[in-house]
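Numbering (the UniProt record's numbering), first residue to last: 1 to 346.
Glycine included, every Cβ here is placed at the ideal spot set by N, Cα and C.
Here's the structure we're looking at; comments come further down.
Below you can see the structure in the form of structure tokens.
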């Protein structure tokens, strides 16, 4: 892909995200989301592979539909209330349409079917953007309108997402699809707590961002696209695969790693709100995700590929340094002791 085209796409992504998260008017928020959609399409289809073209087409159709619903929601609210302000979303029909539109943009179940296919058709670098940066603006819009949304609908979406995200990821062998279903499951956790503690939703998203970025950058460094190739990466990158195992366990939410913090806080908050059954349900459903995280960790560090030689470790090792990967991995593993300071951030 042309370097100038890459630069234009990257700047457009930053511009669209900035416009959306800083706007008070629905029209400006919609424009920012559209800029993001148009900026990511060349990055998805840059390989010109039929699967990449299919992924970009699916992404465009879903995002265009979601943007239409969002615009219709804001116009309906303006028709009944005379307000275009994001904080003044009060009409019930508008709230329902907005929840549907943002769920489609994020990939919340049952509007999630496009996300694994698009991620599978993209490169790992583009997949990182799809799973992290492009989910930030819709999450911020959810955060800004959280007081107006229907809690019952969000809880249904949350339980459905955690169920399908864990269940459909069990038999996957492609790392990108596994991470796609992992993303759907984590979005369910964020949706469950959105009404009751919006700040905790943002903290959960930030930690999910760090952990997912660490995994994607590690897989990109090792050029790992499926489980069978993950089994031999430790012969080339022994230290990196060990860090990958810890990052995967952090994404699963196991203590004492960083990923335990948001799940612990969400279960605590749901219990305080009297939603013990919901907290128990999503905690049990997260065990489905734990299974495929453990399978990834097992493939990365324990299994051995078929080999007839006595020495498994390769003597020619790439000496390239991945500073960003190391930073993301460290943060995704070791932030739990800093949890009081994280919670004190206003």
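- In the structure shown, residue 226 falls within a strand segment according to DSSP collapsed to helix, strand and coil.
- Distances from the CA of residue 332 to each of 265, 296 and 256 were compared; the closest alpha carbon is that of 256.
- Take residue 91, set aside five residues on each side of it, and the residues of its chain with a beta-carbon closer than 7 Å to its own are 76, 77, 80 and 81, in chain order.
- In the three-state reduction of the DSSP assignment, residue 120 falls in the helix class.
- Counting only runs of at least 4 residues, the segment 101-173 fully encloses the following alpha helix (DSSP H) elements, listed from N- to C-terminal order: 114-120, 124-131, 136-144 and 151-167.
- DSSP lists 85 as the bridge partner or partners of residue 25.
- From the listed residues 269, 128, 253 and 153, the smallest Cα separation to residue 284 is found for 253.
- Residue 145 holds the alpha-carbon nearest to the alpha-carbon of residue 86 among 120, 145, 100 and 96.
- Annotation for residue 333: the continuous alpha helix (DSSP H) segment containing it runs 323-334.
- Shown here, residue 177 sits in a helix according to DSSP, grouped into three states.
- With contact defined as three or more Cβ pairs closer than 8 Å, the segment 150-164 and the segment 177-191 are in contact.
- Judged by their CB atoms, residue 30 and residue 62 are not nearer to each other than the 8 Å cut-off.
- When 32, 287 and 71 are compared, the shortest CA-CA separation from residue 186 is found for 287.
- Assignment of residue 220 by DSSP, reduced to helix, strand and coil, places it in the helix class.
- Look at residue 273 here: in three-state DSSP terms it is coil, with no helix or strand label.
- Its chain contains 226 and 227 as the residues whose beta carbon lies nearer than 6 Å to that of residue 173, once the 5 sequence neighbours on both sides are disregarded; these appear in chain order.
- In this model, residue 292 and residue 342 are separated by some 29 Å (Cα to Cα).
- For the pair residue 69 and residue 93, the Cα-to-Cα distance works out to about 11 Å.
- The C-alpha of residue 151 lies about 18 Å from the C-alpha of residue 106.
- The way I'd put it, the segment 213-224 doesn't touch the segment 269-280; fewer than three beta-carbon pairs between them come closer than 8 Å.
- Judged by beta-carbon spacing, residue 66 lies within the 8 Å limit of residue 104, meaning their Cβ atoms are closer than that value.
- For residue 325, the closest of 336, 240 and 298 by C-alpha to C-alpha distance is 240.
- Taking residue 205 as reference, the option from 233, 47 and 138 with the minimal CA-CA separation is 138.
- It is roughly 17 Å from the alpha-carbon of residue 17 to the alpha-carbon of residue 127.
- Residue 245: member of the alpha helix (DSSP H) spanning 238-252, first to last residue.
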